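Worksheet: the structure to be examined is printed underneath.
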Amino acid sequence: MTTPETRPVYLGGPRFQSDPAELYREMRRDHGAVAPVVLDGDVPAWLVLGYRELHQVTGDPQLFSRDSDLWNQWDRIPADWPLLPMIGRKQPSILYTTGERHRERAAVISEALESVDPFELRGHAERFADELIDGLCGKGSCDIVGEYAMLLPLRVLARIYGFSDEQGPGLVTAMNDMINGREGALDGQRHLGESMYALLAAKAEAPGHDVASRMLANTAGFTLDEVAQDLMVMMAAGHQPTADWIGNSLRLMLTDDRFAASLAGGRHSVGEAMNEVLWEDTPTQNVAGRWTTRDTKLGGRTIARGDLVLLGLAAANGDPHVRTEAGALTGGNNAFFSFGHGEHRCPFPAQEVAEVIARTGIEVLLDRLPDVDLDGSAAELTRRPSPWLRGLTALPVTYTPTPALGASR
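What follows is the structure, given as structure tokens:
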């Protein structure tokens with residue numbers, strides 16, 4: 003007989019669209035800091051809900067490894083499993099590399115991103131943001147997510163990585179299909195891979211002032227496959243979460259009375275909204291994963307060797323043991339897990355790139371559409387059905403139509 007304390011929770015379904023925070027509270031009540039879950043196909047795993055436990059897992063790569071070859075469920079995984087792009091067999095990417103080799107690869111990525119001029123980065127973000135808004139400003143209404151937030155990060159990343167602007171829409175579709183982990187996920191992964199290898203072939207022939215060329219020129223001895231895989235990881239990690247950071251922050255500013263008074267001129271409140279989102283509505287909800295190298299105990303649970311451990315970043319951010327005033331403005335407190343923790347956390351230069359793109363995108367939109375307002379009620383807003391990334395399916399708004407910048411020059 004199963005009870006709430008022993009029954010695994012399906013990691014998917016409408017609860018992740020409606021109110022995942024309440025779902026995490028229920029899981030914590032029934033299971034404690036570490037909960038048994040099942041993935042598509044009844045594949046078992048563990049979801050870490052506790053802040054301290056997540057700190058323990060991410061801080062001990064020897065016990066909780068990124069080596070997916072350790073997984074004790076591979077004999078149950080079909081070749082067309084839709085979560086393979088998210089929880090795949092060991093690939094030549096930084097995600098599945100451990101030890102000194104991982105540290106060397108992280109340094110290559112950081113150096114390539116640190117070489118991006120911050121003023122040039124913001125200039126690209128402003129230009130692409132203005133171009134997107136030029137196509138929207140005369141309409142008087144639009145969907146900020148589908149027509150703006152979902153397009154901007156990839157436009158900027160494509161430019162600094164070395165892609166042409168024309169390749170952006172196809173990459174957006176492929177990336178979203180892959181990350182959502184449903185039908186089309188494997189096709190999306192293939193499209194992204196083919197695009198990356200084509201980019202590297204072009205840059206090997208004619209290097210440029212871009213991230214891909216800098217990674218190819220690095221003398222650390224990485225193979226073409228390793229560089230391509232790392233670029234794919236960087237693109238995926240930099241696009242969708244940043245788009246959701248823009249959408250979730252604008253949703254907060256448009257629906258929360260605390261931001262209403264400053265919305266029109268709202269540059270000073272943008273940073274507060276973005277920081278609060280990383281605590282309360284973080285785009286990256288759950289991350290796969292870690293695999294145990296031996297039998298161990300975690301949060302009172304017995305975790306067997308080779309078990310899959312999922313990182314519940316959103317749940318840990320809301321852990322009542324460390325968040326005694328959840329829901330309050332978090333100010334400059336950056337102790338959230340939204341960028342991960344430990345040696346596999348998002349590299350700091352990548353965080354800076356994401357923040358510049360997201361903040362610029364929000365500021366340009368508020369400058370160009372100062373009377374933007376939600377079209378409908380906050381209760382009507384829905385989320386994508388993904389347990390991994392939390393973002394809106396749409397954010398409909400209205401505003402006073404204005405001429406495009408090009409028309410006023």
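With positions in the sequence shown counted from 1, the corresponding number in the numbering used here is that position plus 2.
We put the CB at the ideal spot given by N, CA and C, even for glycine.
Quick caveat: nothing in here was measured; it's all calculated off a predicted structure.
If you reduce the DSSP assignment to three classes, tell me which class residue i lands in.
i	result
Ala-47	strand
Leu-123	helix
Trp-281	helix
Pro-398	strand
Trp-390	coil
Asp-62	coil
Trp-73	coil
Leu-138	coil
Leu-331	Because the pLDDT at Leu-331 is just 47, under 50, the model does not fix this residue reliably, and the value given afterwards should be weighed accordingly. Residue state, collapsed to three classes: coil.
Pro-38	strand
Val-324	coil
Val-374	coil
Ser-67	strand
Thr-175	helix
Val-118	coil
Leu-300	strand
Considering just the uninterrupted stretch of the alpha helix (DSSP H) at residue i, what are its terminal residues?
i	result
Val-358	350-370
Thr-257	226-257
Leu-159	154-163
Leu-202	187-207
Leu-25	22-33
Any idea if residue i is buried or exposed, counting beta-carbon neighbours within 10 angstroms, 16 or more meaning buried?
i	result
His-211	exposed
Gln-83	One detail in the question is off: residue 83 reads as Trp in this sequence, not Gln. The residue is buried, with at least 16 neighbouring Cβ atoms inside 10 Å.
Thr-284	buried
Leu-49	buried
Gly-301	buried
Lys-205	buried
Pro-22	buried
Leu-173	buried
Glu-228	buried
Arg-381	According to the sequence provided, residue 381 is Ala. The question's Arg does not apply to it. Exposed, because fewer than 16 other Cβ atoms sit within 10 Å of the Cβ of Ala-381.
His-126	buried
Measuring from the CB of residue i, is there a heavy atom of the ligand MN at a distance below 7 Å?
i	result
Ser-215	Here there are no bound small molecules, and the ligand MN is not part of this structure.
Spatial neighbours of residue i within its chain, please: C-beta separation below 6 Å, excluding the five flanking residues on both sides.
i	result
Ala-290	Met-88, Ile-89 and Leu-312
Ala-245	Ala-151, Met-152 and Pro-155
Gly-142	Pro-403
Please work out which residues of its chain come closer than 8 Å, Cβ to Cβ, to residue i, disregarding the five sequence neighbours upstream and downstream, and give them in chain order.
i	result
Thr-404	Cys-139, Gly-140, Arg-370 and Leu-371
Leu-331	Note on Leu-331: pLDDT 47, under 50, position unreliable in the model; the coordinate value appears next. Excluding sequence neighbours, Leu-331 sits near Arg-260, Glu-274 and Glu-278.
Gln-19	Thr-384, Arg-385, Arg-386 and Pro-387
Met-276	Trp-247, Ser-251, Glu-357, Ala-360, Arg-361 and Ile-364
Between which two residues does the beta strand (DSSP E) holding residue i run?
i	result
Ser-143	143-145
Asn-288	288-294
Arg-303	303-305
Leu-313	310-314
Leu-383	Neither: Leu-383 is in no beta strand (DSSP E) and is coded neither H nor E.
Among the residues of its own chain, which have a CB less than 7 Å from the CB of residue i, if the five just before and after it don't count?
i	result
Gly-186	Asp-179
Thr-298	Leu-65 and Ile-305
Gly-308	Leu-72, Trp-73, Asn-74, Trp-293 and Thr-294
Leu-391	Ile-181, Gln-242, Pro-243, Asp-246, Pro-285, Thr-286 and Gln-287
Evaluate contact between the segment 351-371 and the segment 106-120, counting only Cβ atoms and requiring at least three cross-stretch pairs below 8 Å.
-> yes
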